[in-house]
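Take a look at the structure set out below.
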Amino acid sequence: MNPREALTTAFRAAIQAGHPTRVLRDVPLPEVEGRTVIISIGKAALSMASTVQQRLGGRATGVVVARQEELPAHVENLTVLGSTHPAPSEASSRAGQLVLQTVQGLTPSDLVLCLISGGASSLVSAPTGVTLDEKARLTWELLACGASIHEINTVRKHLSAIKGGGLARAAYPARVLALVVSDVVGDDVSTIASGPTAPDPTTFRDALAVLDHYGIRAPSVRAQLVRGVIKVQPETPKPGDPIFDHVEHRVIAGAATALSAAADCLQQHGWQARIWQENVTGPAIEAAKAHAAQATFLHSRQALLSGGETTTIIRPGGGRGGRNLEFLLSLALEAPDVYAIAADTDGIDGSSSAAGAILTPDTLERAAALGLDPRTYLERSDAHRFFAALDDLVETGPTGTNVNDFRCMLRQ
1 MNPREALTTA FRAAIQAGHP TRVLRDVPLP EVEGRTVIIS IGKAALSMAS
51 TVQQRLGGRA TGVVVARQEE LPAHVENLTV LGSTHPAPSE ASSRAGQLVL
101 QTVQGLTPSD LVLCLISGGA SSLVSAPTGV TLDEKARLTW ELLACGASIH
151 EINTVRKHLS AIKGGGLARA AYPARVLALV VSDVVGDDVS TIASGPTAPD
201 PTTFRDALAV LDHYGIRAPS VRAQLVRGVI KVQPETPKPG DPIFDHVEHR
251 VIAGAATALS AAADCLQQHG WQARIWQENV TGPAIEAAKA HAAQATFLHS
301 RQALLSGGET TTIIRPGGGR GGRNLEFLLS LALEAPDVYA IAADTDGIDG
351 SSSAAGAILT PDTLERAAAL GLDPRTYLER SDAHRFFAAL DDLVETGPTG
401 TNVNDFRCML RQ
(Lines of atoms letter the chains of each structure in order from A; the text may use other names.)
(Lines give C-alpha, C1' and ligand atoms only; values in the text may rest on other atoms or scores of the structure.)
Protein backbone atom coordinates (compact mmCIF):
# COMPACT_ATOMS: atom_id res chain seq x y z
CA MET A 1 0.00 0.00 0.00
CA ASN A 2 1.47 3.35 -1.03
CA PRO A 3 1.46 6.37 1.32
CA ARG A 4 -1.54 8.08 -0.31
CA GLU A 5 -3.61 4.91 -0.03
CA ALA A 6 -2.47 4.46 3.56
CA LEU A 7 -3.67 7.95 4.50
CA THR A 8 -7.11 7.60 2.91
CA THR A 9 -7.54 4.08 4.31
CA ALA A 10 -6.69 5.31 7.81
CA PHE A 11 -9.19 8.16 7.43
CA ARG A 12 -11.93 5.72 6.40
CA ALA A 13 -11.08 3.55 9.41
CA ALA A 14 -11.45 6.58 11.69
CA ILE A 15 -14.88 7.41 10.24
CA GLN A 16 -16.11 3.83 10.48
CA ALA A 17 -14.97 3.50 14.10
CA GLY A 18 -16.95 6.57 15.09
CA HIS A 19 -20.04 5.77 13.06
CA PRO A 20 -23.28 5.40 15.08
CA THR A 21 -24.30 2.20 13.29
CA ARG A 22 -21.26 0.61 14.92
CA VAL A 23 -21.03 2.31 18.31
CA LEU A 24 -24.77 2.20 19.10
CA ARG A 25 -25.20 -1.52 18.49
CA ASP A 26 -24.25 -2.54 22.02
CA VAL A 27 -25.15 0.53 24.11
CA PRO A 28 -27.64 -0.57 26.83
CA LEU A 29 -31.05 1.06 26.43
CA PRO A 30 -33.26 1.28 29.54
CA GLU A 31 -36.71 -0.25 29.87
CA VAL A 32 -39.45 2.27 30.65
CA GLU A 33 -43.06 2.09 31.79
CA GLY A 34 -44.22 5.08 29.77
CA ARG A 35 -43.41 6.56 26.39
CA THR A 36 -40.04 6.58 24.67
CA VAL A 37 -39.33 9.78 22.75
CA ILE A 38 -36.32 10.17 20.45
CA ILE A 39 -34.79 13.58 19.85
CA SER A 40 -31.93 13.11 17.38
CA ILE A 41 -30.05 16.27 16.41
CA GLY A 42 -26.75 16.94 14.68
CA LYS A 43 -24.64 15.83 11.76
CA ALA A 44 -25.02 12.18 12.80
CA ALA A 45 -28.75 12.52 13.55
CA LEU A 46 -30.08 10.25 10.81
CA SER A 47 -27.72 7.35 11.41
CA MET A 48 -28.14 7.60 15.19
CA ALA A 49 -31.93 7.71 15.02
CA SER A 50 -32.17 4.88 12.49
CA THR A 51 -29.94 2.61 14.55
CA VAL A 52 -31.73 3.23 17.85
CA GLN A 53 -35.24 3.06 16.38
CA GLN A 54 -34.38 -0.25 14.76
CA ARG A 55 -33.23 -1.60 18.12
CA LEU A 56 -36.49 -0.39 19.70
CA GLY A 57 -38.60 -2.11 17.06
CA GLY A 58 -39.92 1.22 15.78
CA ARG A 59 -41.98 1.91 18.90
CA ALA A 60 -40.50 5.32 19.78
CA THR A 61 -41.88 8.63 18.55
CA GLY A 62 -40.01 11.88 18.18
CA VAL A 63 -38.00 14.17 15.91
CA VAL A 64 -34.85 13.93 13.81
CA VAL A 65 -33.08 17.11 12.67
CA ALA A 66 -30.38 16.54 10.04
CA ARG A 67 -28.62 18.61 7.41
CA GLN A 68 -30.86 19.61 4.52
CA GLU A 69 -28.42 17.98 2.09
CA GLU A 70 -29.19 14.55 3.59
CA LEU A 71 -32.91 14.72 2.83
CA PRO A 72 -35.21 13.16 1.77
CA ALA A 73 -34.86 10.51 4.45
CA HIS A 74 -37.20 8.29 6.45
CA VAL A 75 -36.99 6.90 9.97
CA GLU A 76 -39.96 4.83 11.14
CA ASN A 77 -42.43 6.76 13.35
CA LEU A 78 -40.14 9.80 13.60
CA THR A 79 -40.58 13.24 12.04
CA VAL A 80 -37.49 14.06 9.96
CA LEU A 81 -36.61 17.70 9.33
CA GLY A 82 -33.79 19.27 7.31
CA SER A 83 -31.88 22.28 8.58
CA THR A 84 -28.77 24.39 7.97
CA HIS A 85 -25.14 24.54 9.11
CA PRO A 86 -23.00 26.38 10.21
CA ALA A 87 -25.45 29.27 10.77
CA PRO A 88 -29.11 28.92 11.82
CA SER A 89 -32.02 29.65 9.50
CA GLU A 90 -35.82 29.57 9.52
CA ALA A 91 -35.53 25.79 9.17
CA SER A 92 -33.44 25.73 12.36
CA SER A 93 -36.09 27.75 14.17
CA ARG A 94 -38.92 25.46 13.03
CA ALA A 95 -36.88 22.46 14.16
CA GLY A 96 -36.21 24.01 17.56
CA GLN A 97 -39.88 24.77 18.14
CA LEU A 98 -40.91 21.21 17.24
CA VAL A 99 -38.22 19.68 19.46
CA LEU A 100 -39.36 21.73 22.47
CA GLN A 101 -43.03 20.94 21.81
CA THR A 102 -42.27 17.22 21.51
CA VAL A 103 -40.71 16.91 24.98
CA GLN A 104 -43.22 19.04 26.86
CA GLY A 105 -45.91 17.43 28.99
CA LEU A 106 -43.99 14.21 29.67
CA THR A 107 -44.11 12.35 32.99
CA PRO A 108 -41.49 10.72 35.25
CA SER A 109 -42.35 7.34 33.69
CA ASP A 110 -41.39 8.57 30.20
CA LEU A 111 -37.93 8.43 28.63
CA VAL A 112 -36.37 10.97 26.28
CA LEU A 113 -33.51 9.48 24.27
CA CYS A 114 -31.45 12.46 23.15
CA LEU A 115 -29.11 11.41 20.35
CA ILE A 116 -26.66 14.28 20.10
CA SER A 117 -23.85 14.99 17.67
CA GLY A 118 -21.88 18.03 16.56
CA GLY A 119 -23.58 20.61 14.39
CA ALA A 120 -26.81 20.62 16.37
CA SER A 121 -26.12 24.15 17.65
CA SER A 122 -26.93 25.46 14.18
CA LEU A 123 -29.40 22.82 13.04
CA VAL A 124 -31.72 23.45 16.01
CA SER A 125 -32.40 27.01 17.15
CA ALA A 126 -34.78 28.64 19.62
CA PRO A 127 -33.63 32.27 19.99
CA THR A 128 -34.49 34.23 23.13
CA GLY A 129 -34.20 38.00 23.30
CA VAL A 130 -32.83 38.35 19.75
CA THR A 131 -34.15 37.60 16.29
CA LEU A 132 -33.06 34.63 14.23
CA ASP A 133 -31.32 36.94 11.75
CA GLU A 134 -29.38 38.62 14.56
CA LYS A 135 -28.30 35.26 15.91
CA ALA A 136 -27.25 34.04 12.45
CA ARG A 137 -25.20 37.19 11.82
CA LEU A 138 -23.53 36.77 15.20
CA THR A 139 -22.63 33.16 14.38
CA TRP A 140 -20.95 34.23 11.14
CA GLU A 141 -19.06 37.01 12.93
CA LEU A 142 -17.75 34.64 15.58
CA LEU A 143 -16.70 32.09 12.96
CA ALA A 144 -14.99 34.73 10.83
CA CYS A 145 -12.89 36.07 13.69
CA GLY A 146 -11.60 32.63 14.67
CA ALA A 147 -13.49 32.13 17.94
CA SER A 148 -13.22 28.65 19.44
CA ILE A 149 -16.24 26.36 19.58
CA HIS A 150 -16.33 26.79 23.37
CA GLU A 151 -16.46 30.58 22.99
CA ILE A 152 -19.12 30.42 20.28
CA ASN A 153 -21.28 28.08 22.32
CA THR A 154 -20.88 30.17 25.48
CA VAL A 155 -22.61 32.99 23.62
CA ARG A 156 -25.19 30.82 21.85
CA LYS A 157 -26.28 29.13 25.08
CA HIS A 158 -27.31 32.49 26.52
CA LEU A 159 -29.46 33.37 23.52
CA SER A 160 -31.44 30.12 23.37
CA ALA A 161 -34.32 28.26 24.98
CA ILE A 162 -32.88 24.89 23.96
CA LYS A 163 -29.11 25.14 24.44
CA GLY A 164 -27.27 25.21 27.77
CA GLY A 165 -29.61 22.73 29.46
CA GLY A 166 -32.76 24.19 27.95
CA LEU A 167 -33.87 20.90 26.42
CA ALA A 168 -33.48 19.11 29.76
CA ARG A 169 -35.54 21.84 31.42
CA ALA A 170 -38.29 21.46 28.81
CA ALA A 171 -38.34 17.66 29.20
CA TYR A 172 -38.52 17.71 33.02
CA PRO A 173 -39.76 15.61 34.87
CA ALA A 174 -39.14 12.87 32.28
CA ARG A 175 -36.01 10.75 32.45
CA VAL A 176 -33.39 11.85 29.89
CA LEU A 177 -30.64 9.65 28.47
CA ALA A 178 -28.28 11.55 26.17
CA LEU A 179 -26.13 9.39 23.89
CA VAL A 180 -23.44 11.66 22.51
CA VAL A 181 -21.04 11.47 19.58
CA SER A 182 -18.39 14.00 20.55
CA ASP A 183 -16.86 16.50 18.14
CA VAL A 184 -15.21 18.71 20.76
CA VAL A 185 -11.92 18.70 22.60
CA GLY A 186 -12.20 16.85 25.91
CA ASP A 187 -15.67 15.40 25.15
CA ASP A 188 -17.31 18.10 27.30
CA VAL A 189 -21.06 17.43 27.15
CA SER A 190 -21.81 21.04 28.09
CA THR A 191 -20.06 22.15 24.88
CA ILE A 192 -21.09 19.44 22.39
CA ALA A 193 -24.09 20.83 20.46
CA SER A 194 -24.11 23.67 23.04
CA GLY A 195 -25.10 21.22 25.78
CA PRO A 196 -28.91 21.03 25.37
CA THR A 197 -29.24 18.45 28.15
CA ALA A 198 -26.24 19.43 30.30
CA PRO A 199 -25.73 21.90 33.15
CA ASP A 200 -24.13 25.09 31.88
CA PRO A 201 -21.07 26.28 33.83
CA THR A 202 -20.86 29.52 31.80
CA THR A 203 -22.69 32.77 32.49
CA PHE A 204 -24.13 35.80 30.73
CA ARG A 205 -21.04 37.69 31.89
CA ASP A 206 -18.83 35.07 30.20
CA ALA A 207 -20.77 35.51 26.96
CA LEU A 208 -20.29 39.28 27.06
CA ALA A 209 -16.56 38.75 27.62
CA VAL A 210 -16.38 36.74 24.37
CA LEU A 211 -17.92 39.61 22.40
CA ASP A 212 -15.55 42.07 24.06
CA HIS A 213 -12.53 39.91 23.28
CA TYR A 214 -13.30 39.85 19.56
CA GLY A 215 -14.60 43.41 19.34
CA ILE A 216 -18.08 42.36 18.21
CA ARG A 217 -20.66 45.12 18.63
CA ALA A 218 -24.02 43.37 18.00
CA PRO A 219 -26.11 45.88 20.06
CA SER A 220 -29.24 43.73 20.37
CA VAL A 221 -27.21 40.71 21.44
CA ARG A 222 -25.34 42.75 24.01
CA ALA A 223 -28.62 44.14 25.35
CA GLN A 224 -29.96 40.62 25.88
CA LEU A 225 -26.77 39.50 27.60
CA VAL A 226 -26.82 42.55 29.88
CA ARG A 227 -30.40 41.67 30.86
CA GLY A 228 -29.00 38.36 32.03
CA VAL A 229 -26.12 39.94 33.92
CA ILE A 230 -28.52 42.18 35.88
CA LYS A 231 -30.80 39.15 36.42
CA VAL A 232 -33.77 40.41 34.42
CA GLN A 233 -33.27 37.32 32.23
CA PRO A 234 -32.87 33.99 34.10
CA GLU A 235 -29.52 32.20 33.86
CA THR A 236 -29.11 28.87 32.13
CA PRO A 237 -29.55 25.92 34.54
CA LYS A 238 -26.39 25.20 36.51
CA PRO A 239 -24.80 22.09 38.06
CA GLY A 240 -26.89 20.98 41.03
CA ASP A 241 -30.20 22.06 39.51
CA PRO A 242 -32.79 19.34 40.27
CA ILE A 243 -33.86 19.17 36.62
CA PHE A 244 -30.66 17.17 36.05
CA ASP A 245 -31.39 14.58 38.76
CA HIS A 246 -32.78 12.19 36.14
CA VAL A 247 -30.48 13.15 33.26
CA GLU A 248 -27.65 10.82 32.20
CA HIS A 249 -24.97 11.40 29.56
CA ARG A 250 -22.92 8.77 27.78
CA VAL A 251 -20.25 9.77 25.27
CA ILE A 252 -20.27 6.81 22.88
CA ALA A 253 -17.63 7.98 20.39
CA GLY A 254 -15.09 10.75 19.95
CA ALA A 255 -11.62 11.56 18.71
CA ALA A 256 -9.98 8.82 20.77
CA THR A 257 -12.20 6.19 19.13
CA ALA A 258 -11.35 7.39 15.64
CA LEU A 259 -7.62 7.87 16.17
CA SER A 260 -7.18 4.48 17.81
CA ALA A 261 -8.87 2.75 14.88
CA ALA A 262 -6.76 4.66 12.37
CA ALA A 263 -3.55 3.80 14.22
CA ASP A 264 -4.50 0.12 14.27
CA CYS A 265 -5.23 0.28 10.54
CA LEU A 266 -1.82 1.78 9.78
CA GLN A 267 -0.08 -0.80 11.96
CA GLN A 268 -1.78 -3.57 10.00
CA HIS A 269 -0.44 -2.08 6.76
CA GLY A 270 3.14 -1.84 7.94
CA TRP A 271 3.43 1.62 9.49
CA GLN A 272 4.56 2.26 13.04
CA ALA A 273 1.77 4.59 14.15
CA ARG A 274 1.68 6.91 17.15
CA ILE A 275 -1.14 9.14 18.39
CA TRP A 276 0.55 12.43 19.23
CA GLN A 277 -2.40 14.50 20.52
CA GLU A 278 -6.15 13.90 20.60
CA ASN A 279 -7.00 17.51 21.43
CA VAL A 280 -5.13 19.93 19.16
CA THR A 281 -6.62 23.43 19.37
CA GLY A 282 -5.70 26.97 18.35
CA PRO A 283 -5.15 28.56 14.93
CA ALA A 284 -4.70 26.07 12.09
CA ILE A 285 -1.54 27.82 10.91
CA GLU A 286 0.08 27.50 14.34
CA ALA A 287 -0.99 23.85 14.58
CA ALA A 288 0.75 23.24 11.25
CA LYS A 289 3.99 24.64 12.66
CA ALA A 290 3.74 22.36 15.70
CA HIS A 291 3.12 19.34 13.48
CA ALA A 292 6.03 20.31 11.24
CA ALA A 293 8.30 20.26 14.28
CA GLN A 294 7.10 16.74 15.08
CA ALA A 295 7.64 15.69 11.46
CA THR A 296 11.38 16.14 11.87
CA PHE A 297 11.36 13.09 14.17
CA LEU A 298 9.46 10.86 11.73
CA HIS A 299 11.48 8.10 10.08
CA SER A 300 10.65 5.73 7.22
CA ARG A 301 7.39 3.77 7.72
CA GLN A 302 6.42 5.87 10.73
CA ALA A 303 3.13 7.75 11.12
CA LEU A 304 1.90 10.38 13.55
CA LEU A 305 -1.80 11.08 14.17
CA SER A 306 -3.71 13.87 15.89
CA GLY A 307 -7.28 14.99 16.51
CA GLY A 308 -8.96 18.04 18.03
CA GLU A 309 -10.34 21.18 16.45
CA THR A 310 -8.32 24.12 15.22
CA THR A 311 -9.66 27.53 14.25
CA THR A 312 -9.25 29.76 11.23
CA ILE A 313 -9.92 33.40 10.42
CA ILE A 314 -11.95 33.94 7.25
CA ARG A 315 -10.01 36.51 5.24
CA PRO A 316 -11.42 38.78 2.48
CA GLY A 317 -11.19 37.53 -1.07
CA GLY A 318 -14.08 35.12 -1.58
CA GLY A 319 -12.03 32.01 -0.88
CA ARG A 320 -13.30 28.52 -0.13
CA GLY A 321 -11.88 26.24 2.49
CA GLY A 322 -11.85 25.26 6.13
CA ARG A 323 -9.53 24.72 9.05
CA ASN A 324 -8.26 21.35 7.81
CA LEU A 325 -7.46 22.58 4.32
CA GLU A 326 -5.76 25.65 5.77
CA PHE A 327 -3.77 23.44 8.15
CA LEU A 328 -2.60 21.24 5.29
CA LEU A 329 -1.63 24.13 3.03
CA SER A 330 0.30 25.66 5.93
CA LEU A 331 1.97 22.31 6.56
CA ALA A 332 3.06 22.18 2.92
CA LEU A 333 5.10 25.31 3.54
CA GLU A 334 6.49 24.13 6.87
CA ALA A 335 7.18 20.44 6.13
CA PRO A 336 7.01 19.90 2.37
CA ASP A 337 8.74 16.51 2.48
CA VAL A 338 6.01 14.52 4.28
CA TYR A 339 2.84 12.75 3.23
CA ALA A 340 -0.16 14.00 5.19
CA ILE A 341 -3.93 14.17 5.36
CA ALA A 342 -6.12 16.64 7.22
CA ALA A 343 -9.88 16.20 7.05
CA ASP A 344 -13.14 16.68 8.94
CA THR A 345 -14.76 13.39 9.90
CA ASP A 346 -18.22 14.75 9.08
CA GLY A 347 -17.18 14.96 5.43
CA ILE A 348 -17.34 18.75 5.01
CA ASP A 349 -14.52 21.12 5.91
CA GLY A 350 -15.69 24.70 6.40
CA SER A 351 -17.09 26.33 3.26
CA SER A 352 -15.60 23.70 0.96
CA SER A 353 -17.37 20.68 -0.51
CA ALA A 354 -14.55 18.36 0.55
CA ALA A 355 -13.67 16.65 3.82
CA GLY A 356 -10.04 17.72 3.44
CA ALA A 357 -7.03 16.98 1.27
CA ILE A 358 -3.79 15.04 0.82
CA LEU A 359 -0.27 16.49 0.95
CA THR A 360 2.63 14.74 -0.80
CA PRO A 361 6.35 15.55 -1.03
CA ASP A 362 5.82 16.83 -4.59
CA THR A 363 2.80 19.05 -3.80
CA LEU A 364 4.73 22.32 -4.06
CA GLU A 365 6.52 21.18 -7.20
CA ARG A 366 3.24 20.31 -8.91
CA ALA A 367 1.72 23.58 -7.73
CA ALA A 368 4.62 25.58 -9.16
CA ALA A 369 4.21 23.84 -12.51
CA LEU A 370 0.61 25.09 -12.57
CA GLY A 371 1.56 28.60 -11.47
CA LEU A 372 -0.07 28.22 -8.04
CA ASP A 373 1.42 30.23 -5.16
CA PRO A 374 0.41 28.55 -1.86
CA ARG A 375 0.91 31.75 0.16
CA THR A 376 -1.53 33.63 -2.05
CA TYR A 377 -4.18 30.95 -1.49
CA LEU A 378 -3.56 31.04 2.27
CA GLU A 379 -3.89 34.82 2.37
CA ARG A 380 -7.36 34.69 0.83
CA SER A 381 -8.59 31.58 2.72
CA ASP A 382 -8.80 29.65 -0.55
CA ALA A 383 -7.10 26.34 0.22
CA HIS A 384 -9.95 24.39 -1.39
CA ARG A 385 -9.18 25.76 -4.85
CA PHE A 386 -5.45 25.14 -4.37
CA PHE A 387 -5.89 21.43 -3.63
CA ALA A 388 -8.69 21.07 -6.18
CA ALA A 389 -6.32 22.27 -8.91
CA LEU A 390 -3.89 19.51 -7.87
CA ASP A 391 -6.66 16.88 -7.71
CA ASP A 392 -5.72 16.25 -4.07
CA LEU A 393 -9.07 16.85 -2.36
CA VAL A 394 -10.57 14.11 -0.18
CA GLU A 395 -14.28 14.03 -1.00
CA THR A 396 -16.60 11.76 0.96
CA GLY A 397 -19.87 13.68 1.19
CA PRO A 398 -21.68 13.65 4.57
CA THR A 399 -20.33 10.66 6.50
CA GLY A 400 -23.13 10.20 9.03
CA THR A 401 -20.82 10.88 11.96
CA ASN A 402 -18.75 13.72 13.42
CA VAL A 403 -15.83 12.89 15.71
CA ASN A 404 -13.79 16.03 15.09
CA ASP A 405 -10.81 16.59 12.83
CA PHE A 406 -8.40 13.90 11.65
CA ARG A 407 -4.76 14.49 10.82
CA CYS A 408 -2.00 12.06 9.92
CA MET A 409 1.60 12.54 8.74
CA LEU A 410 3.85 9.73 7.55
CA ARG A 411 7.03 8.96 5.69
CA GLN A 412 7.41 6.31 3.01
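Residue numbering for the sequence shown follows the UniProt record's numbering, starting at 1 and increasing by one per position. Each residue gets a CB set at the ideal place from its N, CA and C atoms; glycine is no exception. For clarity, every value in this text was computed on a predicted model and none was experimentally measured.
Could you say if the segment 347-360 and the segment 325-334 meet the contact criterion of at least three C-beta pairs nearer than 8 Å? yes
Count the other CB atoms, across all protein chains shown, that sit within 10 Å of the CB of Ser92; report buried if there are 16 or more and exposed otherwise. Indexing the sequence shown from 1 puts residue 92 at position 92. By the neighbour-count rule (16 or more Cβ atoms within 10 Å), Ser92 is buried.
Terminal residues of the beta strand (DSSP E) in which Gln277 lies: Along the sequence shown, read from residue 1 onward, the residue named residue 277 stands at position 277. It spans 272-280 - the beta strand (DSSP E) in which Gln277 sits, taken as one unbroken run.
Taking 7 Å as the cut-off, decide whether the C-beta atoms of Ile116 and Gly42 are in contact. One-based indexing of the sequence shown puts residue 116 at position 116. One-based indexing of the sequence shown puts residue 42 at position 42. Yes, they are a contact pair.
His249 versus Ala261: straight-line alpha-carbon distance, rounded: Residue 249 sits at position 249 when you count from the first residue of the sequence shown. Residue 261 sits at position 261 when you count from the first residue of the sequence shown. Spanning the two alpha carbons is a distance of roughly 23 Å.
Is the number of C-beta pairs between the segment 117-129 and the segment 158-178 that are closer than 8 Å three or more? yes
Please state the DSSP three-state secondary structure of Glu248. Here residue 248 refers to the residue found at position 248 when the sequence shown is read from its first residue. Residue state, collapsed to three classes: strand.
If we ignore side chains and look at the alpha-carbon of each, how far apart do Thr62 and Gly254 end up? Position 62 of the sequence shown, counted from the start, is the residue given in the question as residue 62. Position 254 of the sequence shown, counted from the start, is the residue given in the question as residue 254. A quick correction: the sequence has Gly, not Thr, at residue 62. When rounded, the distance between both Cα atoms is 25 Å.
Pairs of beta-carbons, one from the segment 396-412 and one from the segment 2-10, closer than 8 Å: are there three or more? yes
Is the beta carbon of Ile275 sitting closer than 7 Å to the one on Ala263? Along the sequence shown, one-based indexing puts residue 275 at 275. Along the sequence shown, one-based indexing puts residue 263 at 263. A contact, by the Cβ cut-off of 7 Å.
Outcome for Ser109 when other beta-carbon atoms lying within 10 angstroms are tallied against a minimum of 16: The residue given as residue 109 occupies position 109 in the sequence shown. It is exposed - the Cβ of Ser109 has fewer than 16 other Cβ atoms within 10 Å.
Residue ranges of each alpha helix (DSSP H) within the segment 92-164, 4 or longer: 120-123, 132-144, 149-157
Would you mind reading off the limits of the alpha helix (DSSP H) that contains Ile15? As a working note, residue 15 is residue 15 in the sequence shown. 3-17 is the extent of the alpha helix (DSSP H) around Ile15.
Using a threshold of 7 Å, state whether the C-beta atoms of Ala303 and Leu331 are closer than that. Here the question's residue 303 lines up with position 303 in the sequence shown. Here the question's residue 331 lines up with position 331 in the sequence shown. Contact flag unset, no.
Would you kindly report the start and end of the unbroken alpha helix (DSSP H) that includes Gly166? Here residue 166 is taken as the residue at index 166 of the sequence shown, counted from 1. Where Gly166 is concerned, the enclosing alpha helix (DSSP H) stretches over 166-171.
Cβ pair His158, Gly105 closer than 7 Å: Here residue 158 corresponds to residue number 158 of the sequence shown, with the count starting at 1. Here residue 105 corresponds to residue number 105 of the sequence shown, with the count starting at 1. Cβ distance not < 7 Å, so His158 and Gly105 don't count as in contact.
Which same chain residues, not among the five before or five after Leu81, have their C-beta less than 6 Å away from its C-beta? Reading the sequence shown from its first residue, position 81 is the one you call residue 81. Once the five neighbours on either side are set aside, the close Cβ partners of Leu81 are Val65, Ala95.
Range covered by the alpha helix (DSSP H) that runs through Val221: The count along the sequence shown starts at 1 and reaches residue 221 at position 221. Segment 219-229, the alpha helix (DSSP H) holding Val221.
For Arg169, which option in Ala218, Leu143, Thr107 has the closest C-alpha, if you only look at C-alpha atoms? Stepping through the sequence shown from its first residue, residue 169 is reached at position 169. Here the closest residue by C-alpha is Thr107.
Residues in its own chain within less than 7 Å of Ala171 by CB, not counting five upstream and five downstream? Along the sequence shown, one-based indexing puts residue 171 at 171. Once the five neighbours on either side are set aside, the close Cβ partners of Ala171 are Val103, Leu106, Val112.
Looking only at its own chain, which residues have a Cβ that is under 8 Å from the Cβ of Ser300, when we skip the five neighbours before and after it? Counted from its first residue, the sequence shown places residue 300 at position 300. The answer, listed in chain order, is Arg411, Gln412.
Between Gly307 and Glu278, which are expected to be in contact by the criterion C-beta below 8 Å, what is the C-beta distance as a whole number of angstroms? Start at 1 with the first residue of the sequence shown, and residue 307 comes out as number 307. Start at 1 with the first residue of the sequence shown, and residue 278 comes out as number 278. Correct: roughly 5 Å between the Cβ atoms.
Looking at the secondary structure, which residues open and close the alpha helix (DSSP H) in which Thr36 lies? Within the sequence shown, the letter at position 36 stands for residue 36. Segment 36-41 is the beta strand (DSSP E) holding Thr36; no alpha helix (DSSP H) there.
Name the DSSP bridge partner or partners of Gln302? Counting from one through the sequence shown, the residue named residue 302 turns up at place 302. Partner(s): Gln272.
Please name the residue in Thr363, Thr396, Arg375 whose C-alpha comes closest to that of Ala389. Here residue 389 corresponds to residue number 389 of the sequence shown, with the count starting at 1. Of the listed residues, the one whose Cα sits closest to Ala389 is Thr363.
Give me the residue from Ala284, Thr36, Pro196, Gly34 with the minimum Cα distance to Gly350. Start at 1 with the first residue of the sequence shown, and residue 350 comes out as number 350. Of the listed residues, the one whose Cα sits closest to Gly350 is Ala284.
Using 10 angstroms around the beta-carbon of Arg25, count the other beta-carbons present and answer buried if the total reaches 16, otherwise exposed. Position 25 of the sequence shown, counted from the start, is the residue given in the question as residue 25. By the 10 Å Cβ count, Arg25 comes out exposed.
Cβ shell of Arg217 (< 6 Å), same chain only, five flanking positions each side left out: One-based indexing of the sequence shown puts residue 217 at position 217. The answer is none, since no qualifying residue turns up.
Tell me which residue opens and which closes the beta strand (DSSP E) that Phe406 is part of. Along the sequence shown, one-based indexing puts residue 406 at 406. Per DSSP, Phe406 belongs to the beta strand (DSSP E) from 405-410.
Our contact map puts Leu138 next to Val221 with C-beta atoms below 8 Å; I'd like the distance itself, whole angstroms only. Taking the first residue of the sequence shown as 1, we reach residue 138 at position 138. Taking the first residue of the sequence shown as 1, we reach residue 221 at position 221. Right, the Cβ-Cβ distance comes to about 6 Å (below 8 Å), so this counts as a contact.
Just mark Gly347 as buried or exposed, buried being the case when its beta carbon has 16 or more other beta carbons within 10 Å. Along the sequence shown, one-based indexing puts residue 347 at 347. When all chains shown are included, Gly347 counts as buried.
When the Cα atoms are used, what is the spatial distance from Gln233 to Thr376? Walking along the sequence shown from the start, residue 233 turns up at place 233. Walking along the sequence shown from the start, residue 376 turns up at place 376. Rounded to whole angstroms, Gln233 to Thr376 spans 47 Å at the Cα level.
Thinking Ala144 and Ile314 are a contact (beta carbons under 8 Å), I'd like their distance in whole angstroms, please. Within the sequence shown, the letter at position 144 stands for residue 144. Within the sequence shown, the letter at position 314 stands for residue 314. Contact flag correct, Cβ pair sits at about 4 Å.
In the DSSP assignment, the alpha helix (DSSP H) including Asp212 goes from what residue to what residue? If you number the sequence shown from 1, residue 212 lands on position 212. Note, Asp212: alpha helix (DSSP H), 204-214.
With which residues is Asp344 paired in a DSSP beta bridge? For the purposes of this step, residue 344 is taken as the residue at position 344 of the sequence shown. According to DSSP, which records beta bridges pairwise, Asp344 is partnered with Asp405.
Which residues share a DSSP beta bridge with Ile358? Position 358 of the sequence shown, counting from 1, holds the residue named residue 358. Per DSSP, Ile341.
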